[in-house]
Amino acid sequence: VVTNGGVGIDHLDVPLISSFGVKVANTPDVVSDATADLAMGLLLASARKIVEGHLIAVDPKTSYLPLGLMGEEVTGSTLGIIGMGHIGYKIAQRSKGFDMRILYHNRNRRSAEDELAVGATYKNMDDLLKESDFVVLVVNLTAETTGLIGHRELSLMKPTATLVNVSRGLVVDQEALVEALQSGKIRAAALDVTHPEPLPRDHPLLSLHNVLITPHVGTNTYATVRKMVRRMVDNSVAAVKGLPVPDEVKLK
Numbered sequence: 001v002v003t004n005g006g007v008g009i010d011h012l013d014v015p016l017i018s019s020f021g022v023k024v025a026n027t028p029d030v031v032s033d034a035t036a037d038l039a040m041g042l043l044l045a046s047a048r049k050i051v052e053g054h055l056i057a058v059d060p061k062t063s064y065l066p067l068g069l070m071g072e073e074v075t076g077s078t079l080g081i082i083g084m085g086h087i088g089y090k091i092a093q094r095s096k097g098f099d100m101r102i103l104y105h106n107r108n109r110r111s112a113e114d115e116l117a118v119g120a121t122y123k124n125m126d127d128l129l130k131e132s133d134f135v136v137l138v139v140n141l142t143a144e145t146t147g148l149i150g151h152r153e154l155s156l157m158k159p160t161a162t163l164v165n166v167s168r169g170l171v172v173d174q175e176a177l178v179e180a181l182q183s184g185k186i187r188a189a190a191l192d193v194t195h196p197e198p199l200p201r202d203h204p205l206l207s208l209h210n211v212l213i214t215p216h217v218g219t220n221t222y223a224t225v226r227k228m229v230r231r232m233v234d235n236s237v238a239a240v241k242g243l244p245v246p247d248e249v250k251l252k
């Protein structure tokens with residue numbers, strides 16, 4: 001068995017591995033809370049310019065605190081979630097506490113009960129992009145989602161909107177994103193993922209004032225890593241004993 005920590009298995013050739021009679025497993029549920037927390041942290045930090053504020057506050061040259069460091073209101077804004085799986089749903093739960101209007105797009109629509117529980121409304125992707133103040137990407141990387149957000153999709157977003165990506169860097173056309181950020185087509189981007197990782201030190205995303213980047217740390221909490229390791233061990237032990245692997249990834 002090949003046991004992967006985390007949800008994404010886009011770095012594994014599952015058909016090839018399976019052709020040798022080897023099973024593949026991941027740890028889907030245990031990473032949801034930590035990743036959802038980080039998504040909200042990125043959203044808040046970008047909206048309220050927390051990093052910029054910190055740099056001003058600790059700068060030895062700062063002699064007074066500026067009144068013009070203005071951010072975007074999160075409470076009561078519209079959030080669009082693209083990818084309403086475990087992590088996307090956790091983000092919706094957290095967003096409800098900010099009285100956000102929650103829109104979502106997913107390959108399969110959630111049940112009416114799930115939608116009602118978080119106050120989420122299903123939308124096609126174009127309408128979601130047009131209406132959202134914050135767009136959060138939480139999709140798996142597949143052939144269909146590679147380049148999902150490009151020039152066309154970014155042009156549909158509000159000029160005051162923020163793109164948050166906690167999925168995979170290849171979901172976004174980064175050249176299109178740079179152009180959208182430079183031209184003001186969107187307000188800002190907050191990214192936990194890029195392609196490649198890390199970006200080349202001369203990449204234009206690194207020099208833009210309206211970009212916040214973290215180094216793919218969505219699952220990096222002590223509690224989550226402990227849970228991931230336990231699940232990886234459970235999957236491995238089950239395979240060795242010839243038992244059903246709890247988190248086996250089935251070929252579709």
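Using the UniProt record's numbering, the letters of the sequence shown correspond one by one to residues 1 to 252. Note that CB positions come from ideal geometry on N, CA and C, so glycine has one too.
Could you round the C-beta distance between residue i and residue j to whole angstroms and report it? I think they count as a contact, below 8 Å.
i: Leu-79; j: Ala-190; result: Not confirmed; about 13 Å, so no contact.
i: Arg-231; j: Val-193; result: Not confirmed; about 22 Å, so no contact.
i: Leu-103; j: Thr-121; result: 5 Å
i: Val-136; j: Ile-213; result: Wrong, their Cβ atoms sit about 15 Å apart, outside the cutoff.
i: Thr-3; j: Asn-220; result: Contact flag wrong, Cβ pair sits at about 19 Å.
i: Lys-158; j: Asp-133; result: 7 Å
i: Val-178; j: Ala-39; result: At roughly 22 Å, the Cβ-Cβ gap does not stay under 8 Å, so Val-178 and Ala-39 are not in contact.
i: Lys-123; j: Leu-154; result: In fact, because the Cβ distance is near 17 Å, the residues do not count as touching under 8 Å.
i: Thr-224; j: Val-30; result: 6 Å
i: His-151; j: Ala-176; result: 4 Å
i: Gly-218; j: Ala-57; result: Not really, about 27 Å apart at Cβ, beyond 8 Å.
i: Gln-174; j: Leu-205; result: 7 Å
Secondary structure at residue i, three-state DSSP: helix, strand or coil?
i: Arg-152; result: helix
i: Arg-101; result: strand
i: Thr-219; result: coil
i: Ile-186; result: coil
i: Leu-16; result: helix
i: Leu-170; result: helix
i: Leu-191; result: strand
i: Thr-3; result: strand
i: Val-24; result: strand
i: Glu-248; result: strand
i: Thr-62; result: coil
i: Asp-202; result: coil
i: Met-70; result: coil
i: Met-157; result: coil
i: residue 253; result: This structure cannot settle anything about residue 253, because the visible part of the chain is limited to 1 through 252.
i: Asp-10; result: coil
i: Lys-241; result: coil
With a threshold of 7 Å on Cβ separation, who are the neighbours of residue i within its own chain once the five nearest residues in sequence on each side are excluded?
i: Ala-36; result: Ile-87, Lys-90, Ile-91, Arg-94
i: Asp-126; result: Leu-156
i: Ser-32; result: His-86, Ile-87, Lys-90
i: Asp-247; result: Ala-25, Asn-26, Thr-27, Pro-28, Arg-231, Asn-235
i: Gly-119; result: Lys-96, Ile-102
i: Gly-5; result: Thr-27, Met-228, Met-232
i: Leu-12; result: Val-2, Asn-4, Val-24
i: Ser-77; result: Met-100, Asp-133, Phe-134
i: Ile-9; result: Val-24, Asn-26, Val-249
i: Val-51; result: Ala-45, Leu-212
i: Leu-199; result: Leu-205, Leu-206
Would you mind reading off the limits of the beta strand (DSSP E) that contains residue i?
i: Ile-81; result: 78–82
i: Thr-162; result: 162–165
i: Ile-91; result: Unbroken run through Ile-91 is the alpha helix (DSSP H), 86–96; no beta strand (DSSP E).
i: Leu-212; result: 211–213
Along the alpha helix (DSSP H) that carries residue i, what are the first and last residues, could you check?
i: Ile-56; result: 50–58
i: Leu-44; result: 32–47
Excluding the 5 residues preceding and the 5 following residue i in the sequence, name in chain order all residues of the same chain whose CB lies nearer than 6 Å to its CB.
i: Leu-128; result: Gly-80, Leu-103, His-105
i: Ala-188; result: Ser-46, Thr-162, Asn-210
I want to check one thing, is the minimum distance from the CB of residue i to the heavy atoms of the ligand SAH below 7 Å?
i: Leu-177; result: Summarising the ligand content, the structure contains no ligands, and the ligand SAH is consequently not present.
Might you give, ordered along the chain, the residues of its own chain that have their beta carbon closer than 8 Å to the beta carbon of residue i, omitting 5 neighbours on each side?
i: Ser-18; result: Val-24, Leu-251
i: Pro-244; result: Ala-238
i: Leu-141; result: Gly-8, Asp-10, Ser-167, Arg-168, Leu-170, Val-171
i: Arg-48; result: Gly-71, Glu-72, Val-74
Write down every uninterrupted run of the beta strand (DSSP E) in the segment 103–146 whose length is 3 residues or greater and which is fully enclosed by it, in chain order. 120–122, 134–137
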